[in-house]
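For reference, the structure discussed in these notes is given below.
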Amino acid sequence: MPDLPTPQDAAEAALLSECWDAVLSYADLCTSGSAAATQLASEAFTHGITELRAATAASKSSGTGRRVLRLPRIPLLLTSVRAAAAAWEASGLGHRLDPDLRLWLNSEKAARYTGPPLHRPVALRGLQDMQEPDAALLWLAEVESLPLSAVARRLGLDPSAVATELAQVRALFRDRCHRNHLDTPMDAGCRSYARLLDAVTRSPGAETPGDLSRHLARCVRCAEAAACLRLHGGGLPAAISGGVIGWGGLAYLERRRRAAEAGLTGGRTDAAVDTGLAEGGSVRPRIGRTGILVAAVVVSALALTVSLMPFGGSHDGAAPTSGAPGGRQPVAEPLPSAPAAASGPPATATTATATATAASTTRPAVSSDPEAQGESSEPANKSERPADVTKSASADCEVKYEIVNEWPDGFQATVTVTSTEALSTWRLGWTFDDGQRVGQMWDGTFTQDDARVTATAADYNRSVAPNGTFAFGFLGSWSGTNSAPHDFTLNNDSCDEGS
50 MPDLPTPQDA
60 AEAALLSECW
70 DAVLSYADLC
80 TSGSAAATQL
90 ASEAFTHGIT
100 ELRAATAASK
110 SSGTGRRVLR
120 LPRIPLLLTS
130 VRAAAAAWEA
140 SGLGHRLDPD
150 LRLWLNSEKA
160 ARYTGPPLHR
170 PVALRGLQDM
180 QEPDAALLWL
190 AEVESLPLSA
200 VARRLGLDPS
210 AVATELAQVR
220 ALFRDRCHRN
230 HLDTPMDAGC
240 RSYARLLDAV
250 TRSPGAETPG
260 DLSRHLARCV
270 RCAEAAACLR
280 LHGGGLPAAI
290 SGGVIGWGGL
300 AYLERRRRAA
310 EAGLTGGRTD
320 AAVDTGLAEG
330 GSVRPRIGRT
340 GILVAAVVVS
350 ALALTVSLMP
360 FGGSHDGAAP
370 TSGAPGGRQP
380 VAEPLPSAPA
390 AASGPPATAT
400 TATATATAAS
410 TTRPAVSSDP
420 EAQGESSEPA
430 NKSERPADVT
440 KSASADCEVK
450 YEIVNEWPDG
460 FQATVTVTST
470 EALSTWRLGW
480 TFDDGQRVGQ
490 MWDGTFTQDD
500 ARVTATAADY
510 NRSVAPNGTF
520 AFGFLGSWSG
530 TNSAPHDFTL
540 NNDSCDEGS
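The sequence shown maps to residues 50 to 548 in our numbering.
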């Protein structure tokens with residue numbers, strides 16, 4: 050696994066802190082397993098930061114002080130994930146990628162993102178044509194779904210004026226997309242609808258003529274342009290994410306929305322200078338580099354796991370109207386290990402308490418607000434638990450509990466359960482002996498009453514076939530001793546503990 054480049058300054062350290070969770074989230078969508086996701090994210094981040102360094106050096110050597118037009122940092126790194134996935138497919142590592150992504154990489158849809166510039170999606174070209182600070186504002190607000198107050202802090206903007214600036218940037222993006230659409234080589238039919246498309250998408254109350262509607266149903270490129278030109282109706286985020294990222298754009302958008310709703314957005318948002326967008330200010334690292342890197346991992350792991358909920362995303366971001374991403378719900382991955390000097394990928398899953406203050410927060414206690422994650426909570430009092438948990442027969446089962454990663458005050462664990470009987474839903478309970486606390490869970494929801502923890506099925510993994518298995522993972526905290534739990538029960542029946 051390649052090492053991430055060591056940050057050269059506070060701005061690069063902040064880049065890792067702010068962007069790692071986004072890169073890891075998209076890499077998880079692109080791969081078939083947790084280890085592969087971490088490796089793909091590491092390779093993509095290495096390539097992306099190298100590209101950023103080269104662009105910065107080119108800008109300085111030009112002597113004009115003007116920025117080289119390019120994508121903002123997060124979408125640039127996400128396109129690096131896509132490029133790294135394509136390199137895996139070409140080099141015989143395609144079996145580590147999501148099968149649907151492999152089909153997309155070998156289709157004409159993928160070629161559009163790397164082919165002749167005039168044939169690339171309008172959203173990608175429009176965002177590239179904007180000045181980076183404007184494009185960053187648009188991306189953070191529309192795709193990353195950050196509150197405008199957080200966007201203002203991150204970019205060093207006036208909080209009272211950021212809404213007005215966003216409206217202006219949206220209009221600017223529309224103008225760039227309109228110009229690029231007109232520049233696109235198109236047949237006579239598409240050309241004849243270009244002016245009408247511009248006029249119809251300008252007004253929220255304008256009705257789409259029937260012939261134009263039929264044309265948009267048949268022409269993918271004109272439909273993409275229409276989504277970028279129509280600033281009303283709520284379709285702009287999907288148009289941007291799908292047009293810039295490509296495959297999985299809508300699924301990524303939904304993940305970021307869920308993470309933002311739960312308050313698990315990555316990175317520091319307290320200093321514009323750390324983003325590299327406010328030049329001329331003094332660069333003052335506020336915490337050690339290692340602290341920033343580790344804090345980035347805390348937030349990225351939590352943000353990724355919160356976003357792993359059922360949703361109607363897209364496996365084909367090139368067409369914003371595409372359907373849901375199959376049924377795959379990737380789990381959060383064990384994070385890469387690295388030496389304390391942070392010369393490798395963000396180290397372990399975290400030394401959370403010591404470094405959470407570096408990200409201006411402690412480890413989010415997201416379990417206390419399950420509604421923010423779209424999860425249903427379960428009564429903490431076991432006597433109040435609903436009696437509607439069903440199973441087709443007695444729950445003969447075996448449980449395998451495994452600690453995937455452990456650090457001084459926290460750990461990541463996975464639980465795999467095999468049931469001999471078919472289940473229409475499941476609830477797994479266990480008891481900790483050493484005061485461990487569950488902080489975040491994926492592929493299930495949880496409650497904890499003192500030492501007793503109960504994990505409940507998510508909507509998408511309730512059913513279990515005879516002799517089938519289900520699994521989920523969680524992040525937890527411990528102190529002193531971290532022994533394995535015991536007294537496992539499945540739907541209130543005892544389970545054997547496997548090795």
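Even for Gly, the Cβ is constructed at its ideal location relative to N, Cα and C. From a predicted model like this one, the values you see are computed outputs, not experimental measurements.
Item, Value
"Exposed unless 16 or more other CB atoms sit within 10 angstroms - verdict on N454", "buried"
"Of the listed residues R486, T480, G295 and G478, nearest to A159 (C-alpha basis)", "G295"
"Whole-number beta carbon distance between V466 and L524, since they are thought to touch under 8 angstroms", "Actually they do not touch by this definition, with Cβ atoms about 19 angstroms apart."
"Start-to-end residues for the beta strand (DSSP E) that takes in R501", "R501 to T505"
"7 angstroms Cβ shell around H281 - same chain, five flanking residues per side excluded", "P253"
"Local conformation of C239 per DSSP, three classes", "helix"
"N-terminal and C-terminal residue of the beta strand (DSSP E) that W456 is part of", "C446 to W456"
"Rounded C-alpha distance that separates D499 from S532", "16 angstroms"
"Sub-7 angstroms separation of Q180 and L120 beta-carbons", "no"
"Residue environment, A103, which counts as buried when at least 16 other CB atoms sit within 10 Å", "exposed"
"Environment of N229 [buried if 16+ CB atoms lie within 10 Å]", "buried"
"Strand pairing of F523, partner residues [DSSP]", "A462 and M490"
"Range of the contiguous alpha helix (DSSP H) that encloses D224", "V211 to D232"
"Chain-order list of residues whose beta-carbon lies under 8 angstroms from that of P166 (same chain, five-residue window excluded)", "R174"
"CA-to-CA distance, D236 to D224, given in whole angstroms", "22 angstroms"
"Three-way DSSP call (helix, strand, coil) for D535 in this model", "Residue 535 is actually His in this sequence, not Asp. Reduced to three states, the DSSP call for H535 is strand."
"Top-ranked residue by Cα proximity to A255, from E447, R279 and S194", "R279"
"Burial state of S91, where buried means 16 or more other Cβ atoms lie within 10 Å", "buried"
"DSSP beta-bridge partners of W479", "V502"
"Distance between A272 and S262 (C-alpha atoms, nearest Å)", "9 angstroms"
"Three-state secondary structure assigned by DSSP to T250", "helix"
"Identity of the residue in T503, Q461, W475 and S241 nearest C446 by Cα", "W475"
"DSSP three-state assignment for Q180, whether helix, strand or coil", "coil"
"Environment of D482 [buried if 16+ CB atoms lie within 10 Å]", "exposed"
"Buried/exposed call for H227, threshold 16 Cβ in 10 Å", "buried"
"8 angstroms contact criterion, which L146 and A132 should meet: CB distance rounded", "Contact flag wrong, Cβ pair sits at about 13 angstroms."
"In DSSP terms, what L146 is bridged to", "T80"
"Q497 - partner residues in DSSP beta bridges", "V502"
"Cα-Cα separation between T469 and R511, rounded to whole angstroms", "15 angstroms"
"Which residues DSSP lists as bridging S543, in chain order", "T538"
"L296: first and last residue of the uninterrupted alpha helix (DSSP H) it sits in", "In the sequence as presented, Leu is not what sits at residue 296; that position holds Trp. Here W296 belongs to no alpha helix (DSSP H), and DSSP marks it neither H nor E."
"Strand pairing of G517, partner residues [DSSP]", "S468"
"Pairwise C-alpha distance: D545 and Q485", "21 angstroms"
"Assigned exposure category for Q461 - 16 Cβ within 10 Å defines buried", "buried"
"Pair within 7 angstroms by beta-carbon distance, S194 and R304", "no"
"Terminal residues of the alpha helix (DSSP H) in which A565 lies", "Outside the shown range of the chain (50 to 548) lies residue 565, about which nothing can therefore be said."
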